[in-house]
Amino acid sequence: MKDTIRGKVFCCGNNITAYQIIAQNRWNLGLNESELGKWAMEGACPEVLNVEYGFRDKGCSIIVAGEDFGGGGKSIEHPIAALQGAGIQLLLADSFSRYSFRNAINRGLPAISCPGISHFAKTGDELEAELKTGRIHNLTTGTEIQGVPLPDFVLAFAESGGMLAYYRNQAE
Amino acid sequence: MGSTITEKILSRACGHTIHPGEIVDVAVDRLFINDFQGPIVFTQFESLNRKKIVHPERILMGLDHRVPPADVKSANNHVYIRNFCEKYGIENFTEIGRHGIGHQQMVEHFTRPGEVSLGTDSHATMYGGLGAFSCGITSSDAAMIMATGKLWLQVPRCIRLDITGELKRGVTAKDLSLAMIRLAPATFFNYKALEIGGDGVKKMSVSSRLVLANMAAEMNIKCCLIEADEKSLEFAGCTAEEAELIRPDSDAVYEKHFTLDASEVEPLLAFPHNADQVRPLREAAGLPVNQVFLGSCTNGRIEDIEQALEILDGRKVHRRVRLIVVPASQAILLEAVRKGYIEKLLMAGAAIMTPSCASCAGAGAGLIGDGERALATTNRNFRGRMGSKESEVFLGSAYAAAAAAVKGEICDPREFL
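So the protein sequences, as listed, match chains A and B. Residue numbers for the first sequence follow the numbering used here, beginning at 1 and rising by one. Residue numbers for the second sequence follow the numbering used here, beginning at 1001 and rising by one.
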């Protein structure tokens, strides 16, 4: 696992729910990153509604969200799997819903809580995040912000490709 | 420095004293898996190449979202689930006919006070009504518990809520739970544990306490623990030796204290399209309803049916309204039959469905169409949750449901009591 992740930002606002990240009519595709990834963010980004790979083709690899990203109380892993399938490598938010944070950790997608991040970057900005320290640099504006550093076990899960893969590696 | 109930249960479950913010491996006492997540959980478990589940006896596999199945995909999922349970020795598989909403079955003689009891669905918070540490988990989490018996959890900070006073006539635990949601914005409770005690909650039935713990999920909390007592033991079907009645230490550290006087709560509703849109019921009075839904893990128990019958018994459901009643489990349905409640509901003009989540999660029968309005005793009312995106759902008590069913419009249930 790289200690830093660099990429182009897609900004979404507060209270983006699990249903907006992957619509309920896509849940029957199964927990399949590449299939779900075709339809990521349909509910959060009107121009990609019903456009296959619409969100992936924007070429963003970092999501910057406001409060309660991934809320709506759904425990399913499909929203995080959809984002992974659409090429997202890092989630940054003012705050996460418990399930989206937990699912991100379990699926090996680094997620950094960073109050204030939603005003720190705009869609299209280039960011670089240091996972171990929680330092986030906006390379477009030349500014910095401090997020919550990721603990070692989260990095270990991410390196293995998720909690289940980490466990498989340990057991072997 | 003393400990909260949450800290005491988690300390016991991981074998050492723990503190808020810490991430710990917790031994899990009970695990619920439903038929929606089951096939995903089992596929993930099989990807771990384990020959055995470490504690199959701690698992309850419940069919509740799609029972009986109305499409072949669901039927095939059930086939997979049955075969998996047979192969890996999961004996607590609730076959159709012995089924119910899984959360209800988890509290009917399975989960005990003081245990760590988790489920693959967000309303697993309900087992906290028995004084268990309980929260919703994800499918990967359930697979890990099956393989190792343990799960990583972050120890939450705790909020204390004391309930004083007694609910007035016509006001129920559902109204109180909606009042709880109004205590603070949902972002305030994110990741936190809510512990509830006080004289008001001691006087409440376990059924009512389960309503509070169930609806607490809508506050964005991680878990909700209600102080357990003799009533909890009786409900759970165990003795004081078989369970732990845990109290917080007098110097336990709570991030914030709230108090709610139950006697001041009036009938409330959650307005469309979110459970946090709580307002007095009277502000919606006069709005016509097309469907009334009495059921769900929140309010599908005998106590709810009894409340509804205080209004429905001897009256008729309004000619423009469908009243759908879904007892939360076969045990509840049987009790309702024996007590003559089902006959009274049928006489009033209600449709009775087999226990299931039904249309509460938009996955089962009983959906509503374009332009329709429902009053439901369920726990969520997101746009389109119960059917059409062009419909709206108000959440309220069994009294509010029965009154709307009779009058054909939302009205104060105390008119009928």
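Glycine included, every Cβ here is placed at the ideal spot set by N, Cα and C. From a predicted model like this one, the values you see are computed outputs, not experimental measurements.
- prompt: Would residue 1346 of chain B be called buried (16 or more neighbouring beta carbons within 10 Å of its own) or exposed?
  reply: Its Cβ having fewer than 16 others within 10 Å, residue 1346 of chain B is exposed.
query: Exposed or buried, residue 1263 of chain B, counting other C-beta atoms within 10 Å across all chains shown (16 or more means buried)?
result: By the neighbour-count criterion, in which 16 or more other beta carbons inside 10 Å mark a residue as buried, residue 1263 of chain B falls on the exposed side.
- request: Using alpha carbons as the reference points, say which of B/1200, B/1144, B/1393 and B/1374 lies closest to residue 1381 of chain B.
  value: Among B/1200, B/1144, B/1393 and B/1374, the Cα nearest to that of residue 1381 of chain B belongs to B/1393.
query: Just reading off the beta strand (DSSP E) that residue 1006 of chain B is part of, what are its end residues?
result: Note, residue 1006 of chain B: premise wrong, no beta strand (DSSP E); alpha helix (DSSP H) at 1005 to 1014.
task: Compute the distance between the beta-carbons of residue 1034 of chain B and residue 1062 of chain B, then report whether it is under 7 angstroms.
output: Taking a C-beta distance under 7 angstroms as the contact criterion, residue 1034 of chain B and residue 1062 of chain B qualify as a contact pair.
field: Bounding residues of the beta strand (DSSP E) (the contiguous stretch that carries residue 10 of chain A)
entry: Taken as a continuous stretch (DSSP letters only), the beta strand (DSSP E) holding residue 10 of chain A covers 4 to 11.
query: At a Cβ threshold of 7 angstroms, is residue 1122 of chain B touching chain A?
result: Yes, residue 1122 of chain B lies at the interface with chain A (some Cβ there is under 7 angstroms from its Cβ).
message: Starting from residue 1061 of chain B, trace the beta strand (DSSP E) in both directions and tell me its first and last residue.
response: From DSSP, the beta strand (DSSP E) with residue 1061 of chain B extends over 1059 to 1062.
query: So which residues on chain B does residue 53 of chain A lean against when the C-beta distance must stay under 7 angstroms?
result: Neighbours of residue 53 of chain A on chain B: none; closest Cβ ~24 angstroms, over 7 angstroms.
message: Taking only three categories from DSSP, how would you classify residue 1218 of chain B?
response: If DSSP states are grouped into helix, strand and coil, residue 1218 of chain B belongs with the helices.
- prompt: If you compare alpha carbons, which of B/1383, B/1067 and B/1240 is closest to residue 1094 of chain B?
  reply: Measuring from the Cα of residue 1094 of chain B, the nearest candidate turns out to be B/1067.
query: Does the count of Cβ pairs from the segment 1219 to 1238 of chain B and the segment 1189 to 1202 of chain B closer than 8 angstroms reach three?
result: The segment 1219 to 1238 of chain B, when compared against the segment 1189 to 1202 of chain B, does touch it at the 8 angstroms Cβ threshold.
query: From what residue to what residue does the alpha helix (DSSP H) around residue 1073 of chain B run?
result: For residue 1073 of chain B, the uninterrupted alpha helix (DSSP H) run begins and ends at 1072 to 1088, by DSSP.
- request: Scan the segment 34 to 121 of chain A and note each continuous beta strand (DSSP E) run of 3 residues or more that stays entirely inside, going in chain order.
  value: Fully enclosed beta strand (DSSP E) runs of 3 or longer: 62 to 65, 90 to 93 and 111 to 113.
query: Across which residues does DSSP place residue 1376 of chain B in a beta bridge pair?
result: DSSP lists B/1293 and B/1395 as partners of residue 1376 of chain B.
task: Would you please verify whether the beta carbon of residue 1225 of chain B is less than 7 angstroms from any beta carbon of chain A?
output: Chain A contact via Cβ: absent.
- prompt: Which chain B residues are close to residue 98 of chain A, counting only those with a beta carbon under 7 angstroms from its beta carbon?
  reply: Going along chain B in sequence order, the residues near residue 98 of chain A (Cβ under 7 angstroms) are 1190, 1191 and 1222.
task: Look at the alpha carbon of residue 1135 of chain B and the alpha carbon of residue 169 of chain A, and state the distance between them as a whole number of angstroms.
output: Rounded to the nearest angstrom, the two C-alpha atoms are 28 angstroms apart.
field: Inter-residue spacing [alpha-carbon to alpha-carbon] between residue 1283 of chain B and residue 1211 of chain B
entry: Straight through space, the alpha carbons of residue 1211 of chain B and residue 1283 of chain B are spaced by roughly 23 angstroms.
query: By how many angstroms is the C-alpha of residue 1168 of chain B removed from the C-alpha of residue 1198 of chain B?
result: Taking the straight line joining both Cα atoms gives about 17 angstroms.
- request: Determine the direct distance from the alpha carbon of residue 1389 of chain B to that of residue 1368 of chain B, and round the result to whole angstroms.
  value: So the alpha carbons of these two residues sit roughly 9 angstroms apart.
field: Pair within 7 angstroms by beta-carbon distance, residue 1335 of chain B and residue 1311 of chain B
entry: Contact flag unset, no.
query: Which partner residues of residue 1252 of chain B appear in the DSSP bridge assignment?
result: DSSP output for residue 1252 of chain B lists B/1002 as bridge partner(s).
- request: Whole angstroms is fine: what's the gap from residue 1387 of chain B's alpha carbon to residue 1398 of chain B's?
  value: Cα-Cα distance, rounded: 21 angstroms.
- request: From the DSSP output, in three-state form, read off residue 1201 of chain B for me.
  value: Residue state, collapsed to three classes: helix.
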